[in-house]
Amino acid sequence: MAGISRPRGTDDLLPEPLARMARVLDAGLEVASGFGYRQVETPIFEATELFVRGVGDSTDVVTREMYTFADRGGRSLTLRPEGTAPVVRAFWESDLRQAPLPVRLSYAGAMFRYDRPGKGRYRQFHQFGVEAIGDSEPELDAEVIAVAWRWLQGLGVEGISLQLNSIGDQECRPAYRQALLDYFEPLASQLPALDRERLRRNPLRVLDSKELAASGLLEGAPRTVDHLCSSCREAFERVRLALTAYGIPFQMNHRLVRGLDYYVRTAFEVWHEQLQGAQNSLFGGGRYDGLSELLGYPPAPGVGFAAGLERVAMLAPTVPAGPPPALAVLSAPPADPGAAIAAADRVRRRGIQVLCDAGGRSLRAKLSWAERAGVRGVLILGESELERRTVTARLLADRTQVELPLRALEEAVPAWLEGAKAVGEGTR
Ligand code: HAM
Numbered sequence: 002m003a004g005i006s007r008p009r010g011t012d013d014l015l016p017e018p019l020a021r022m023a024r025v026l027d028a029g030l031e032v033a034s035g036f037g038y039r040q041v042e043t044p045i046f047e048a049t050e051l052f053v054r055g056v057g058d059s060t061d062v063v064t065r066e067m068y069t070f071a072d073r074g075g076r077s078l079t080l081r082p083e084g085t086a087p088v089v090r091a092f093w094e095s096d097l098r099q100a101p102l103p104v105r106l107s108y109a110g111a112m113f114r115y116d117r118p119g120k121g122r123y124r125q126f127h128q129f130g131v132e133a134i135g136d137s138e139p140e141l142d143a144e145v146i147a148v149a150w151r152w153l154q155g156l157g158v159e160g161i162s163l164q165l166n167s168i169g170d171q172e173c174r175p176a177y178r179q180a181l182l183d184y185f186e187p188l189a190s191q192l193p194a195l196d197r198e199r200l201r202r203n204p205l206r207v208l209d210s211k212e213l214a215a216s217g218l219l220e221g222a223p224r225t226v227d228h229l230c231s232s233c234r235e236a237f238e239r240v241r242l243a244l245t246a247y248g249i250p251f252q253m254n255h256r257l258v259r260g261l262d263y264y265v266r267t268a269f270e271v272w273h274e275q276l277q278g279a280q281n282s283l284f285g286g287g288r289y290d291g292l293s294e295l296l297g298y299p300p301a302p303g304v305g306f307a308a309g310l311e312r313v314a315m316l317a318p319t320v321p322a323g324p325p326p327a328l329a330v331l332s333a334p335p336a337d338p339g340a341a342i343a344a345a346d347r348v349r350r351r352g353i354q355v356l357c358d359a360g361g362r363s364l365r366a367k368l369s370w371a372e373r374a375g376v377r378g379v380l381i382l383g384e385s386e387l388e389r390r391t392v393t394a395r396l397l398a399d400r401t402q403v404e405l406p407l408r409a410l411e412e413a414v415p416a417w418l419e420g421a422k423a424v425g426e427g428t429r
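Just so we're aligned, residue 2 is where the sequence shown starts under the numbering used here, counting upward by one.
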């Protein structure tokens with residue numbers, strides 16, 4: 002078709018997939034709320050500077066993937082590629098900073114990255130995440146992981162593994178960076194151009210290079226955990242002990258460094274066996290104790306995670322489907338369509354989902370449409386029903402029907418549906 006199509010890398014969330022994603026998100030919000038995380042929402046666009054300084058000007062996200070534009074006032078704005086920097090900004094710009102720390106927050110919404118679209122990778126996607134701000138205790142790192150883990154467990158997602166690493170902090174990272182440079186210097190001629198560039202700008206990123214992993218050159222590379230200062234080492238030990246207390250298994254992954262610059266100490270991802278390549282993570286996160294200062298605010302340590310909702314929804318098997326509409330109310334022309342409209346409205350007030358067709362088509366056409374819509378029953382309002390002040394209530398499964406008094410519809414319809422269920426169960 003030659004009509005205008007949606008932009009590449011975006012998707013229309015149609016009723017069934019959207020309902021599925023909403024149920025997955027609701028489950029996440031509920032688990033997070035059980036741990037004391039309260040939901041916030043930040044703007045979809047922010048000052049570009051927030052991400053350049055927070056996420057880091059050498060990261061792929063900032064150099065290649067941002068949707069940046071000038072507004073009519075000439076300000077540089079960016080559609081948010083992630084939620085952590087915005088939530089930390091919101092923490093400082095609100096009363097939240099006066100609340101007892103840590104402040105536990107959750108969020109969900111659309112994120113935008115100009116990435117190469119593929120399976121499970123979009124230019125507009127949705128994240129659910131939590132952030133705990135204002136506390137550097139390592140047990141909190143395990144807590145945010147537990148929120149994510151319990152959520153996936155509750156959804157029945159199997160085949161997941163928690164990948165864990167500690168990437169040190171300002172104190173121990175310079176020496177580690179030097180150790181990496183010393184290791185790769187003699188190998189420079191064998192490195193792909195992209196990795197030589199990474200080595201120059203942000204040496205840690207060579208550790209998650211796919212090309213280098215394939216070449217075997219990473220095998221002997223120095224590991225972050227062997228270069229941690231004593232406080233980072235102790236913190237990491239406490240994270241692992243707390244994870245054990247939660248009963249959450251993890252795999253040490255010495256190459257996990259994460260693609261955003263704000264991380265220190267704990268870095269983690271959850272991988273799924275069915276997700277391959279660059280989009281194998283269901284969620285990622287870690288500690289970001291220096292982020293607040295990068296944004297120009299006083300220090301506030303923090304830790305959190307974000308999950309791709311499309312990816313989680315794709316892998317969650319036990320998301321119960323929402324029920325189809327229970328009833329269709331049909332006028333039978335030439336009877337007054339207003340009677341059907343009013344009747345449908347009255348039944349809806351009892352919390353019953355009702356489709357209404359008060360149009361001019363024949364009753365026959367309406368009945369066949371109701372069958373296809375999958376409703377359990379129909380209420381028919383024709384001229385003879387209106388004369389008798391009744392409606393005809395018909396169950397589509399066995400085509401049995403009764404007349405219900407129009408006057409007491411609010412009580413009669415739920416009772417009829419209840420009775421029909423009991424009979425159905427009795428005959429099964
Ligand atoms: P991230 O690893 O960049 O971390 O993204 C988190 C998750 O978002 C990924 O694991 C993936 O499921 C999903 N995701 C990322 N890019 C795409 C895409 N193009 N299409 C579909 N899904 C995608 C962050 O965003 C950090 N803010 C996480 C965090 C929170 N760290 C601390 N607190």
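Glycine is no exception: its CB is placed at the ideal position from the N, C-alpha and C atoms.
Please read all numbers here as calculations on a predicted model, not as lab measurements.
Cβ-Cβ distance between residue i and residue j below 8 Å
| i | j | result |
| --- | --- | --- |
| Y264 | H228 | no |
| V226 | S137 | no |
| L283 | H273 | yes |
| A222 | Y184 | yes |
| G29 | W152 | yes |
| L403 | L328 | At residue 403 the sequence reads Val, which differs from the Leu that was named. Cβ atoms of V403 and L328: not closer than 8 Å. |
| A143 | V32 | no |
| N254 | L165 | yes |
| L156 | Q191 | no |
| G84 | Y123 | no |
| A147 | I249 | yes |
| E220 | P193 | no |
| D358 | L382 | no |
| R105 | R39 | yes |
| R351 | V414 | yes |
| G260 | T60 | yes |
| R266 | A236 | yes |
| G291 | Q171 | yes |
| A374 | P326 | yes |
| D72 | L80 | no |
| A1 | P139 | With the chain represented from 2 up to 429, any question about residue 1 goes unanswered, as that position is not in the structure. |
Cβ-heavy atom distance, residue i to ligand 2, below 7 Å
| i | result |
| --- | --- |
| R362 | Annotation note on ligand 2: not contained in the displayed structure, which lists ligand 1 as its ligands. |
8 Å contact criterion, which residue i and residue j should meet: CB distance rounded
| i | j | result |
| --- | --- | --- |
| L141 | A86 | Going by Cβ atoms, the distance from L141 to A86 rounds to 19 Å, so no, they are not a contact pair. |
| A308 | G287 | Wrong, their Cβ atoms sit about 14 Å apart, outside the cutoff. |
| V355 | L410 | So it is not a contact: roughly 11 Å between Cβ atoms. |
| V62 | V53 | That belief does not hold up - the Cβ atoms of V62 and V53 are roughly 10 Å apart, past 8 Å. |
| L15 | H127 | Contact doesn't hold; Cβ gap of about 14 Å is too wide. |
| V271 | I161 | 5 Å |
| L364 | A333 | 4 Å |
| A189 | R201 | 10 Å between Cβ atoms; not a contact. |
| F129 | L26 | 6 Å |
| Q252 | L195 | So it is not a contact: roughly 27 Å between Cβ atoms. |
| E372 | A336 | Between A336 and E372 the Cβ distance is about 21 Å, and since that is not below 8 Å, they are no contact. |
Distance cut-off 7 Å: residue i Cβ against heavy atoms of ligand 1
| i | result |
| --- | --- |
| Q128 | yes |
| A149 | no |
| G29 | no |
| A143 | no |
| T11 | no |
| Y298 | no |
| T391 | no |
| A100 | no |
| A308 | yes |
| Y108 | no |
| E132 | yes |
| L261 | yes |
| L163 | no |
| F52 | no |
| D116 | yes |
| Y38 | no |
| F251 | no |
| E311 | yes |
| E83 | yes |
| F284 | yes |
| Y68 | no |
| R90 | no |
| G287 | yes |
| Y123 | yes |
| G291 | no |
| G55 | no |
| G305 | yes |
CB contact check: residue i to chain C, cutoff 8 Å
| i | result |
| --- | --- |
| V355 | Looking at the structure shown, chain C is missing, and only one protein chain is on hand. |
Worksheet item: Is there contact between the segment 122 to 138 and the segment 297 to 305, where contact requires at least three CB pairs shorter than 8 Å?
Response: Contact between the segment 122 to 138 and the segment 297 to 305 is present, because at least three Cβ pairs lie under 8 Å.
Discussion item. Using 8 Å as the cut-off, can you tell me whether the segment 336 to 356 makes contact with the segment 393 to 401, which would need three or more C-beta pairs spanning the two stretches below that distance?
Written reply: Judged by Cβ distances under 8 Å, the segment 336 to 356 makes no contact with the segment 393 to 401, as fewer than three pairs qualify.
Worksheet item: Between the segment 90 to 109 and the segment 38 to 56, do at least 3 Cβ pairs fall closer than 8 Å?
Response: These segments touch.
Worksheet item: Quick check: the segment 113 to 124 against the segment 62 to 76, are there 3 or more CB pairs under 8 Å?
Response: Yes, the segment 113 to 124 touches the segment 62 to 76.
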